[in-house]
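Right, one structure below, let's go through it.
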Amino acid sequence: MTRILLLIISIIIQFSSLSYADNKLVYILPLKDEIGSTTWQHTRSALAEAKRMDADILLIHMNTYGGSVLHADSIRTALLHFPKPVIAFVDNNAASAGALISLACDTVYMRKDATMGAVTVVNGSDGSAAPDKYQSYMRAMMRATAESHGKDSTGKWIRDPQIAEAMVDSRVKINGLIDSTRVLTFTAGEAKKWGYANGIADNVDDVLSDLGIDEYRCKEFSASWVDSLLGFLTNPAVQGILIMLIVGGIYFELQTPGMGFPSVVAIMAAVLYFLPLYLTGIASSWIILLFIVGLLLLLLEIFVIPGFGVAGIAGIACIAASIIIGLVENFSFIPGRIDLKAVSNAFLTFVCGIAGAGAIIIFLSSKYAPKSIGIKSELTHCQDVKAGYIGVDTAPTELIGKEAVALTDLRPAGKIEVEGETYDSVSLSGFIENGTIVKICKYENAQLYVKTAHS
Numbered sequence: 002m003t004r005i006l007l008l009i010i011s012i013i014i015q016f017s018s019l020s021y022a023d024n025k026l027v028y029i030l031p032l033k034d035e036i037g038s039t040t041w042q043h044t045r046s047a048l049a050e051a052k053r054m055d056a057d058i059l060l061i062h063m064n065t066y067g068g069s070v071l072h073a074d075s076i077r078t079a080l081l082h083f084p085k086p087v088i089a090f091v092d093n094n095a096a097s098a099g100a101l102i103s104l105a106c107d108t109v110y111m112r113k114d115a116t117m118g119a120v121t122v123v124n125g126s127d128g129s130a131a132p133d134k135y136q137s138y139m140r141a142m143m144r145a146t147a148e149s150h151g152k153d154s155t156g157k158w159i160r161d162p163q164i165a166e167a168m169v170d171s172r173v174k175i176n177g178l179i180d181s182t183r184v185l186t187f188t189a190g191e192a193k194k195w196g197y198a199n200g201i202a203d204n205v206d207d208v209l210s211d212l213g214i215d216e217y218r219c220k221e222f223s224a225s226w227v228d229s230l231l232g233f234l235t236n237p238a239v240q241g242i243l244i245m246l247i248v249g250g251i252y253f254e255l256q257t258p259g260m261g262f263p264s265v266v267a268i269m270a271a272v273l274y275f276l277p278l279y280l281t282g283i284a285s286s287w288i289i290l291l292f293i294v295g296l297l298l299l300l301l302e303i304f305v306i307p308g309f310g311v312a313g314i315a316g317i318a319c320i321a322a323s324i325i326i327g328l329v330e331n332f333s334f335i336p337g338r339i340d341l342k343a344v345s346n347a348f349l350t351f352v353c354g355i356a357g358a359g360a361i362i363i364f365l366s367s368k369y370a371p372k373s374i375g376i377k378s379e380l381t382h383c384q385d386v387k388a389g390y391i392g393v394d395t396a397p398t399e400l401i402g403k404e405a406v407a408l409t410d411l412r413p414a415g416k417i418e419v420e421g422e423t424y425d426s427v428s429l430s431g432f433i434e435n436g437t438i439v440k441i442c443k444y445e446n447a448q449l450y451v452k453t454a455h456s
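Numbering (this note's numbering), first residue to last: 2 to 456.
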């Protein structure tokens, strides 16, 4: 009887295990905001959590009008190298950077009224098209992403790279789809017809059902405040401001004695700049060490070694290098692996920060700066007599070393005559009778001090 009971329990456990194995874990990452540093940080955290949970499927729930090309490229690369199937569900919009991210997914589903495309690079200030060198880079990126999905058994591209390029360049013509005057944007039906969407669905459940996944459990990514804060601090605009505060704080601290408010600003800005880069794995510890070495060399040049030479130049070079390298994700010195675009973007952010710091330094050092915070280069306070200020005649200092005659007894104060002028004086050698020849020794507090000429 016991053996039969154990056999039944064993069978139940095996069936439960099989049922659980068929119950796939679908990890959902919502991308419903502008693509930027925060979105990239959320994606990074979500992919790490999906790997830890050994998710069977990663599903991108997308509704975005686009954003930063740099961060969209980072998300695209991460999705292309994710070890499990990646599905995109375009729930309304996958414009610009969103289309690039969707193209990187293994499978794409769109809601019936959704759109995807319009990947032309534009200026963030006025929305005009960026110069052709940027468009060329985006065209190549779109083609490469489409080509990464390969060809089918007949040798036909699964996703035609020329169609991907048409989303960027209005000069590309696709017979039966678009002429050479417009940038391509797909409707859901068009995307399915031309192989850029695998199907049309109303929701995530419909997507999974169409893929034949009936038993599944979902885990949706929930961003923590730490992820949002790290995303904010790694925004290029914020990094430029932090660089400006670091440079400006160091400059103003060198203009004032001791450690004051500028040094606090510089230190806090450096912490807020390097800590997110270190926590997100962008910057290694040696980059932070390089920054500290640069500061020490600069302080050594200023306070120990006279003049400005090798130590000062090396310190500035170390600080600049650490800041720029810290902006370059996955930086490598191996030839062929350095991303020149990432390096140029990092250098541009650094230059903007330096320019901003220079502008603030010039403003705060000028007469137009607010008196409460300005770094004064001229006297602006008037010592008015009405406020109790008095002027002191320093002409008697020219009498020091000359001889005079005591007009009165000096006990010890009295009067003396020199060059026909009468002055108050104090004796430094005790009592002096009137008529005695005295010598003027010093002038302090509007008072001459004398002693006998032969003492």
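Cβ coordinates follow ideal geometry from the N, Cα and C atoms, glycine included.
Taken through DSSP and simplified to helix, strand or coil, D114 comes out as coil. Residue environment for M117: buried (at least 16 other C-beta atoms within 10 angstroms of its C-beta).
Sequence-distant partners of Q163 (beyond 5 residues in either direction) whose C-beta falls short of 7 Å from its own C-beta, in its chain, are V173 and I175. Secondary structure at I29: strand, using DSSP grouped into helix, strand and coil.
Going by C-alpha positions, I326 is about 44 Å away from S154.
Exposed is the label assigned to G431, since fewer than 16 other Cβ atoms lie within 10 Å of its Cβ.
Residue pairing from DSSP places H62 in a beta bridge opposite P31 and F90. Segment contact: the region 83-93 against the region 238-246, fewer than three CB-CB distances shorter than 8 Å; contact not assigned. Only residues of its own chain outside the window of five on either side were considered, and among them L243, L246 and I247 have a CB closer than 6 Å to the CB of A270, listed in chain order. According to DSSP, K194 shares a beta bridge with no other residue. Residue ranges of uninterrupted beta strand (DSSP E) with 3 or more members, entirely inside the region 139-189 and ordered along the chain, are 186-188.
In this structure, DSSP gives T453 an extended state, which the three-state scheme calls strand.
Restricting attention to T423, L411, G421 and V419, the CA atom closest to the CA of L429 is found in L411. Remark: C-beta atoms of L297 and A315 do not approach each other more closely than 7 Å.
Counting C-beta atoms within 10 angstroms of its own C-beta, S286 has fewer than 16 neighbours from the protein chains shown and is therefore classed as exposed. Counting the other Cβ atoms within 10 Å of the Cβ of M143 gives 16 or more, which makes it buried. The DSSP assignment places complete beta strand (DSSP E) segments of no fewer than 3 residues inside the region 395-451 at 404-407, 414-419, 422-428 and 438-445, in order along the chain. Distances from the CA of G67 to each of A49, D57 and G37 were compared; the closest alpha carbon is that of G37. Each residue's CA atom was taken as its position, placing T78 and D170 some 22 Å apart. With respect to N94, N124 sits apart: the two C-beta atoms are not nearer than 7 Å.
The alpha-carbon separation between L230 and D180 amounts to approximately 45 Å. If you ignore the 5 residues before and after L408, its C-beta comes within less than 8 Å of the C-beta of G415, K416, I417, E418, T423 and N435, all in its own chain and listed in chain order.
Contact check between the region 30-49 and the region 199-212: fewer than three CB pairs, one atom from each, fall below 8 Å, which does not count as touching.
A Cβ-Cβ contact shorter than 7 Å links T350 with P237.
Looking at G177, M54 and G249, the one whose alpha-carbon comes closest to that of A360 is G249. The C-beta distance from C319 to L301 rounds to 12 Å, too long to meet the 8 Å contact threshold.
One thing to note: D228 has its Cβ no nearer than 7 Å to the Cβ of S97. When rounded, the separation of the alpha-carbon atoms in A347 and N199 is 38 Å. Per DSSP, E216 lies in no alpha helix (DSSP H) segment and is marked neither H nor E. Residue burial annotation: A454 is exposed, with fewer than 16 other C-beta atoms found within 10 angstroms of its C-beta.
For P263, the enclosing alpha helix (DSSP H) begins and ends at F262 to L280.
The DSSP-derived three-state label of T121 is coil.
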